[in-house]
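Below is one structure, written out as structure tokens, with a few remarks after it.
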Amino acid sequence: MFTFNSIISTMRIRFIFFLLIPVFVSSCAKKSIGSSTASSVSYIESLVPGTYFEYKLGNGGFTDKIVSSDHNKSGRNYNMRVRYYSWGATDTAYFRLAEAGLMAYDQETGGETIDIPANPTTGFTWMESDNSWKYVIKATDAELTTPQGMYKNLLIIQATQLTGRDKEKMSQYHNYYAPGIGFVASMIEGQLVCYLTEHKIGDKE
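Read in order, the letters of the sequence shown correspond to residues 1 to 205 in the working numbering.
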């Protein structure tokens, strides 16, 4: 049986953009976020340099920022995202857009894995390039309330670790993606452990 503190201490070493804390239901009025229909917009976040997303995590948090583009990996060009944790750690990841969706370069294997499918449908399943993780679309019309408001028409991706490759990570996550935004929250065993607090696309004000 885990506690909230054990989750935070386990995750502080490194995150792979899979996270999430008990769903907060505030007594105050909630604004509706990401209410576009699933078929009208993409769940894929912007890769424009300068884009950033800020997340709350326990007593701290982290910021994902697209810092540059045109990074060649195995003959393909990727945009670089750096994750800045409130306790001083950083983590770098590489992404590119393709016909299949948002693709992530796996620095462990040199392979490539779908991060978010271009046309997600419930039940669609895929694997990490080395079969260490399994991903399943659990819903495309979910709702979730966080301290920032209520999200609608969310994509849920269940990520399950199969081989124990990433020992510092939990065994399973449910990650939530909002239309027109991207990753907004993550759940572990029904507990909300991380959620989006602010974001900006490129040079937009």
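A virtual CB, placed ideally from N, CA and C, is assigned to each residue, including glycine.
Exercise for review: Would you list the one or two residues that DSSP bridges to Arg76?
Suggested key: For Arg76, which the question treats as bridged, DSSP gives the partners Lys73.
(message) Between Asn196 and Tyr84, how many whole angstroms is the CB-CB distance? I'm expecting something under 8 Å.
(response) It should be pointed out that residue 196 corresponds to Leu in this sequence rather than to Asn. Actually they are not in contact, since the Cβ atoms of Leu196 and Tyr84 sit about 15 Å apart, beyond 8 Å.
Requested in this report: Spatial neighbours of Leu97 within its chain, please: CB distance less than 8 Å, with the 5 preceding and 5 following residues excluded, ordered by chain position.
Outcome: Ile44, Leu47, Met103
Report the rounded CA-to-CA distance for Gln191 versus Ser171, giving the unit in angstroms.
14 Å
Rounded to a whole number of angstroms, what is the C-alpha to C-alpha distance between Gly50 and His199? 11 Å
Quiz item: Buried or exposed: where does Leu162 fall if 16 or more other Cβ atoms within 10 Å of its Cβ makes it buried?
Solution: exposed
Contact check, Val136 vs Gln158 under 8 Å by CB: the rounded distance?
5 Å
- Task: Report all residues from its chain with a CB closer than 8 Å to the CB of His71; omit the five preceding and five following residues, and keep chain order.
- Result: Cβ-Cβ distances below 8 Å link His71 to Asn77, Tyr78, Asn79, Met80, Tyr94 in the same chain, with the five nearest sequence neighbours on each side left out; the list follows chain order.
Report task. Determine the extent of the beta strand (DSSP E) in which Ile137 is found, giving its start and end residues. Result -> For Ile137, the uninterrupted beta strand (DSSP E) run begins and ends at 133-146, by DSSP.
* Asked: Going by C-alpha distance, which of Asn59, Ser132, Met127, His174 is nearest Asp166?
  -> Ser132
*Pull up the distance between the alpha-carbon of Tyr176 and that of Thr145, whole angstroms please.*
Our two residues, Tyr176 and Thr145, have alpha carbons roughly 11 Å apart in a direct line.
Practice task
Can you grab the Cα-Cα spacing for the pair Thr121 / Leu154, in whole Å?
Solution key: 12 Å
Using a 10 Å radius around the Cβ and a threshold of 16 neighbouring Cβ atoms, would you call Asp106 buried or exposed? buried
key: Contact check, Asp130 vs Glu108, beta carbons under 9 Å   = yes
Check: So is Ala178 buried or exposed if we call it buried at 16+ other beta carbons inside 10 Å?
Finding: Burial call: buried.
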